Amino acid sequence: YYDGLLLGYEASHQIYEGDSYNVEVTAPGAIGALALMYMGSEDSAVSAWLAVPDTPYHLDFVRPDLLQLRCLARGLVLWDQLLPDENWVLDQIPKFIKAAADVTDPTSATAAVDASLVGPAASACVDPALADAATAAIDWDLAGSSLVAAISGYGLAMGIRFAGTHNAAAFAALKRLLARLASLPRWMCRRDVEQASAVLLAATACLMSGSGNLWLMRQLRRKRAVLPKQVDCGCQLIYAMATGILLLGGGRYTLSNRPEHAALLTVALFPKLPCSLTDNSHHLQALRHLYALAAVPRVLCPVSLHSRRVVPGSRADITLAATKYYSELTYQVRLPCLLPDPSSVRRVVVRAPGHWPVQLDGVDSRQAAGRQQQQSMLQATLNHAFGYVLMMERRRGCLGGEV
């Protein structure tokens, strides 16, 4: 330290303390690096490192904010295993942490941990002292904060995983997680609950980006109006971001969940919120704007080739390609609408009264040359100079009926 002063610089007392590094400072960056390095790899070793501690003893060594980042990172690592289901999220949380939601008075809940609430790690301890420590009385304040952090972390991972897909199951799951946070006991820290709710609303906005979902818009307006005084500007920041994402590009753009875009969303939606407008100690606020790089045009609007007007009553049959987790699916939507990721679309058939149908083929396992050309046509339609136009030719002898 004194040598450093003589050379004209000071040692870092924040990262390097004594003979070791301050892991409380370096852990967020390390967790984020693991999440981006192993995103979608489903590596069992990495996912085990990032799992929620399954005993009260081990939970004492993990701060709730770091636990939130670990849950987010684990959801990104288990990309294809992350299901749009509330039960999947709750299954990742140990029982003794979930039991905090049923505690009415944490000061009186000092009984020893029930053996059914702890994981196998406690019973597997060879040293009796370690086994007793692993099954000591639960710190319900810590368990409650950990429950809030785990729900918001996995919820944000779900929002990034299904960003821009408008997945109905994921939307319902995030709504139930929001309701679960709202129903938590009043003794839990209101600041933690409000910030976790803000993170979940941002995740839901990513899921429904560009749709202008009315329910979500009402939730954002209500939250901004009744925000408690003890909550800082971080929630206001995340609510403003969620509103912009929900109405992205005036309903013409949505977010992509491809790996490079998921990395941008992870950085932009970093769940550690600032305490003030000048707070950059945990996360550079300028990085919040990176979500704009994940925005892609996805709206499809049929226009008559003759009148250059929007064709009314048009519908599209969208067929999604089969994967190892989902079978092939076909559904019908009214146009104009936001399409899913072109890489997951096998076929789009647009039909309108009095007009010839238009078919745009997407991905196919045969990778035929003609189908590759149609795939480029689908992408070119979305990237049209006007942003969304699909020209349709009128049938001979039919009235257009355009508006």
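Letter 116 of the sequence shown, counting from 1, is numbered 116 in my numbering, and no numbers are missing. Just so it is clear, CB atoms sit at the ideal spot from N, CA and C, and this is done for glycine as well. Remember, predicted model here, so these are calculated numbers, not experimental data.
Closest by C-alpha distance to residue i, when choosing among the options
{"i": "ARG434", "options": "MET158, ALA100, LEU300", "result": "With the chain represented from 1 up to 403, any question about residue 434 goes unanswered, as that position is not in the structure."}
{"i": "SER197", "options": "ARG161, SER145, GLY29, PHE162", "result": "SER145"}
{"i": "ASP405", "options": "ALA172, ARG224, HIS283, LEU66", "result": "For residue 405 there is no data in the structure shown, the boundaries of the chain being 1 and 403."}
{"i": "ALA169", "options": "ASN22, LEU220, LEU82", "result": "LEU82"}
{"i": "PRO31", "options": "HIS355, ARG347, ASP65", "result": "A quick correction: the sequence has Ile, not Pro, at residue 31. Checking every option, the nearest Cα to that of ILE31 belongs to ASP65."}
{"i": "LYS324", "options": "SER344, ILE238, ALA33", "result": "SER344"}
{"i": "LEU69", "options": "ARG395, ARG315, TYR154", "result": "TYR154"}
{"i": "LEU290", "options": "PRO312, LEU329, THR266, ALA240", "result": "THR266"}
{"i": "ARG346", "options": "ALA27, VAL310, LEU329, LEU227", "result": "LEU329"}
{"i": "LEU147", "options": "LEU174, PHE96, PRO106, LYS175", "result": "PHE96"}
{"i": "LEU214", "options": "THR243, ARG394, ARG190", "result": "THR243"}
{"i": "ARG394", "options": "ARG308, LEU90, VAL77, ALA263", "result": "ARG308"}
{"i": "ASP239", "options": "LEU269, LEU335, ARG258", "result": "Looking at the sequence shown, residue 239 is not Asp but Tyr. When each option's Cα is compared against that of TYR239, the closest is LEU269."}
{"i": "ARG334", "options": "LEU277, ALA316, MET37", "result": "ALA316"}
{"i": "ALA322", "options": "VAL310, LEU216, VAL349, GLY362", "result": "GLY362"}
{"i": "ALA48", "options": "GLU17, PRO28, SER281, GLN92", "result": "GLN92"}
{"i": "THR107", "options": "ASN87, MET188, GLY29", "result": "MET188"}
{"i": "ALA352", "options": "LEU338, VAL310, PRO342", "result": "VAL310"}
Beta carbon of residue i nearer than 8 Å to that of residue j
{"i": "TYR253", "j": "PRO297", "result": "yes"}
{"i": "LEU72", "j": "LEU200", "result": "no"}
{"i": "ILE151", "j": "PRO56", "result": "no"}
{"i": "GLN285", "j": "PRO274", "result": "yes"}
{"i": "HIS166", "j": "SER211", "result": "yes"}
{"i": "ALA295", "j": "LEU247", "result": "no"}
{"i": "GLY250", "j": "LEU207", "result": "no"}
{"i": "PRO340", "j": "LEU360", "result": "no"}
{"i": "TRP140", "j": "VAL103", "result": "yes"}
{"i": "GLN195", "j": "CYS233", "result": "no"}
{"i": "ARG191", "j": "TRP79", "result": "no"}
{"i": "VAL77", "j": "VAL46", "result": "yes"}
{"i": "PRO259", "j": "GLY40", "result": "yes"}
{"i": "SER209", "j": "ALA263", "result": "no"}
{"i": "VAL350", "j": "SER314", "result": "yes"}
{"i": "ARG288", "j": "MET217", "result": "no"}
{"i": "TYR326", "j": "ILE318", "result": "no"}
{"i": "ALA149", "j": "LEU220", "result": "no"}
{"i": "ARG74", "j": "LEU36", "result": "no"}
{"i": "ASP60", "j": "LEU142", "result": "yes"}
{"i": "ILE245", "j": "ALA203", "result": "no"}
For residue i, three-class secondary structure by DSSP
{"i": "GLN81", "result": "coil"}
{"i": "ARG371", "result": "Residue confidence for ARG371 is low, a pLDDT of 46 falling below 50, so the modelled location carries little weight and cannot support an answer."}
{"i": "MET241", "result": "helix"}
{"i": "ASP361", "result": "strand"}
{"i": "ALA163", "result": "coil"}
{"i": "LEU201", "result": "helix"}
{"i": "VAL46", "result": "helix"}
{"i": "VAL57", "result": "One point to set straight first is that residue 57 is Tyr, not Val, in the sequence displayed. Note: TYR57 maps to helix in three-state DSSP."}
{"i": "GLU194", "result": "helix"}
{"i": "THR107", "result": "coil"}
{"i": "THR266", "result": "helix"}
{"i": "ALA246", "result": "For the sequence presented, residue 246 should be read as Leu rather than Ala. Correct three-state label for LEU246: helix."}
{"i": "THR278", "result": "coil"}
{"i": "LEU156", "result": "helix"}
{"i": "SER146", "result": "helix"}
{"i": "TYR16", "result": "strand"}
{"i": "CYS189", "result": "coil"}
{"i": "VAL296", "result": "strand"}
{"i": "ARG346", "result": "strand"}
{"i": "HIS355", "result": "strand"}
{"i": "PRO271", "result": "coil"}
{"i": "ARG176", "result": "helix"}
{"i": "MET392", "result": "strand"}
{"i": "VAL62", "result": "coil"}
{"i": "LEU67", "result": "helix"}
{"i": "ALA121", "result": "Residue placement at ALA121 is poorly supported in this model, since its pLDDT is 49, which falls under 50; the coordinates still yield a value, given next. Helix at ALA121."}
{"i": "PRO302", "result": "strand"}
{"i": "TYR38", "result": "coil"}
{"i": "VAL226", "result": "coil"}
{"i": "GLN236", "result": "helix"}
{"i": "VAL89", "result": "helix"}
{"i": "LEU184", "result": "coil"}
{"i": "LEU214", "result": "helix"}
{"i": "LEU284", "result": "coil"}
{"i": "VAL23", "result": "helix"}
{"i": "VAL126", "result": "Residue placement at VAL126 is flagged as unreliable, the pLDDT there being 43, under the threshold of 50; the coordinate-derived value follows with that caveat. In the structure shown, VAL126 sits in coil (DSSP, three-state: anything other than H, G, I, E or B)."}
8 Å Cβ cutoff, residue i in contact with chain C
{"i": "ARG218", "result": "Of the protein chains in the structure, only one exists, and it is not chain C."}
Review point. Below 8 Å, can you find three or more Cβ-Cβ pairs linking the region 301-319 to the region 387-396?
Key: yes
Practice item. Please specify which runs of the beta strand (DSSP E), each continuous and at least 3 residues long, are wholly inside the region 313-344, giving them in chain order. Key: 315-320, 329-334
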